[in-house]
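Input: a single structure, listed below in structure tokens.
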Ligand code: AMP
Ligand code: MG
């Protein structure tokens with residue numbers, strides 16, 4: 347299958363820009379498109395065969411459910427049942443935006459979209475291209491991140507092409523995405539609200555609406571603890587991983603810089619290709635390997651927006667060992683570290 351890339355001008359969106367994408371979606375095919383978080387690989391959420399195509403194009407495990415994207419808050423009443431007041435409150439505050447809400451699944455939604463779960467994940471994206479695509483198609487769009495399963499999520503159309511060329515007919519290219527990490531996921535299907543995946547919307551922001559919201563144990567764990575079952579099935583898989591192995595160093599700035607310099611030097615002497623993932627504040631202090639600066643610690647959004655792209659660059663450079671600084675902070679750092687820890691297979695060294 348040939349994969350077409352269609353550039354979309356955000357400054358002047360026209361219905362015509364979406365005609366081909368809408369036609370493909372209505373026929374049960376797949377289209378990749380930008381959202382404010384990462385690029386998504388979309389298909390008709392109510393069409394079990396379209397969902398099957400998404401799993402197959404990505405090589406995604408079948409028990410890893412898809413997020414259903416909507417263009418109107420009221421659509422939750424079509425897709426879910428027994429909807430608590432909290433859902434309405436969250437939607438009013440954070441939609442459209444980077445928050446996914448898990449609710450009890452309504453009958454309309456096929457099991458293949460929810461990976462067989464009795465719950466459904468729903469999000470209303472704020473990106474204008476995503477919103478217009480959903481509206482023009484008149485469908486609910488199931489869309490996981492548009493990467494090959496296991497690889498870093500895609501933040502540019504070029505990344506989608508790298509991973510999925512030949513597997514999907516169309517990519518809408520809306521340029522680089524602003525946030526760069528996937529949505530925060532909140533589960534409202536049980537007795538208490540639980541954050542299953544940290545994202546751009548932080549715990550603190552959610553607490554303003556839901557004072558009793560907490561992180562799932564699997565989110566805050568620093569180990570891949572087999573006894574803690576991830577409630578978001580996707581979170582149990584090795585994820586976001588470049589081909590090289592990542593080690594995260596945690597400690598005082600001086601200790602981290604010196605440990606990484608020493609480790610990088612040793613590996614280079616052994617003949618390996620080595621890289622360092624740092625913040626801009628410290629990047630000048632690294633002396634060995636390919637040093638990639640993900641952004642400034644004082645602007646965490648930059649680091650979030652660049653993380654997946656930097657991980658992909660390590661693959662392009664055929665890097666075998668990556669030494670990363672820790673980005674653990676109370677706010678967006680929770681989401682950044684969650685992805686980095688998974689990419690590193692929880693390999694963290696305290697110095
Ligand atoms: P992605 O769209 O690639 O960011 O992946 C979607 C994430 O949402 C995965 O981690 C899924 O496990 C999670 N997810 C989707 N639907 C549900 C659900 N019904 N219950 C719990 N987690 C879900
Ligand atoms: Mg994903």
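In this note's numbering, the protein residues as written are 347 to 697. The beta-carbon is built from N, C-alpha and C at its ideal position, and this holds for glycine as well. These numbers come from a predicted model, not from an experiment.
DSSP lists 595 as the bridge partner or partners of residue 671. Only buried fits residue 635, as 16 or more other CB atoms lie within 10 angstroms of its CB. Counting along the chain, the unbroken alpha helix (DSSP H) around residue 480 starts and ends at 474–483.
Under DSSP, the beta-bridge partners assigned to residue 624 are 639. The three-state reading of DSSP puts residue 406 in coil, since its state is none of H, G, I, E or B. A distance below 7 angstroms between beta-carbons, with the five flanking residues on each side excluded, links residue 450 to the following residues of its chain, in chain order: 426, 427, 428, 464, 465 and 535. Runs of alpha helix (DSSP H) with 4 or more residues, each lying fully within the region 416–484, are found at 422–425, 431–440 and 474–483, listed in chain order.
With a contact defined as Cβ atoms closer than 8 angstroms, residue 391 and residue 414 qualify at about 4 angstroms. Of all C-beta pairs linking the region 473–481 to the region 430–438, fewer than three are shorter than 8 angstroms, placing the two stretches out of contact. Counting C-beta pairs with one atom in each stretch, the region 393–407 and the region 501–508 have fewer than three that are closer than 8 angstroms, which means they do not touch.
Counting along the chain, residue 387 sits inside no alpha helix (DSSP H); it lies in the beta strand (DSSP E) bounded by residues 386–390.
Under the three-state reduction of DSSP, residue 393 is assigned to coil, being neither helix nor strand. Taking 7 angstroms as the cut-off, the Cβ atoms of residue 588 and residue 660 count as close. Where residue 661 is concerned, the enclosing alpha helix (DSSP H) starts and stops at 646–662. Non-local C-beta neighbours of residue 469 in its own chain, meaning closer than 6 angstroms and more than five positions away in sequence, comprise 413, 415, 446 and 529, ordered along the chain. Exposure of residue 537 is indicated by the presence of fewer than 16 other C-beta atoms within 10 angstroms of its C-beta.
The beta-carbon distance between residue 697 and residue 595, rounded to whole angstroms, is 6 angstroms. This is short enough to meet the 8 angstroms contact definition.
Put simply, of 452, 631 and 672 the residue whose alpha carbon is nearest the alpha carbon of residue 649 is 672.
Distances taken from the Cβ of residue 544 to the heavy atoms of ligand 2 include none shorter than 6 angstroms. If you draw a straight line from the Cα of residue 694 to the Cα of residue 631, it is about 21 angstroms long. The Cβ neighbour count for residue 365, taken over all protein chains shown within 10 Å, is under 16; the residue is labelled exposed. The three-state secondary structure of residue 567, taken from DSSP, is coil. At a Cβ-Cβ threshold of 7 angstroms, residue 514 and residue 376 count as neighbours. With respect to residue 518, residue 665 sits apart: the two C-beta atoms are not nearer than 7 angstroms. Sixteen is the threshold: since fewer than 16 other Cβ atoms of the shown chains lie within 10 Å of the Cβ of residue 598, the residue is exposed. Rounded to the nearest angstrom, the Cβ distance from residue 539 to residue 556 is 5 angstroms, consistent with a contact under 8 angstroms.
Just measuring C-alpha positions, the residue of 549, 656 and 566 sitting nearest residue 692 is 566.
CA-CA distance, residue 638 to residue 620, rounds to 11 angstroms.
At least one heavy atom of ligand 2 lies closer than 6 angstroms to the C-beta of residue 491. Around the Cβ of residue 577, a 10 Å sphere holds 16 or more other Cβ atoms; the residue is buried. Per DSSP, the continuous beta strand (DSSP E) segment holding residue 350 begins and ends at 350–353.
When the beta-carbon positions are compared, residue 610 and residue 626 stay at least 7 angstroms from each other.
Closer than 6 angstroms to some heavy atom of ligand 1: that describes the Cβ of residue 465. Taking C-alpha positions only, residue 617 is separated from residue 520 by approximately 40 angstroms.
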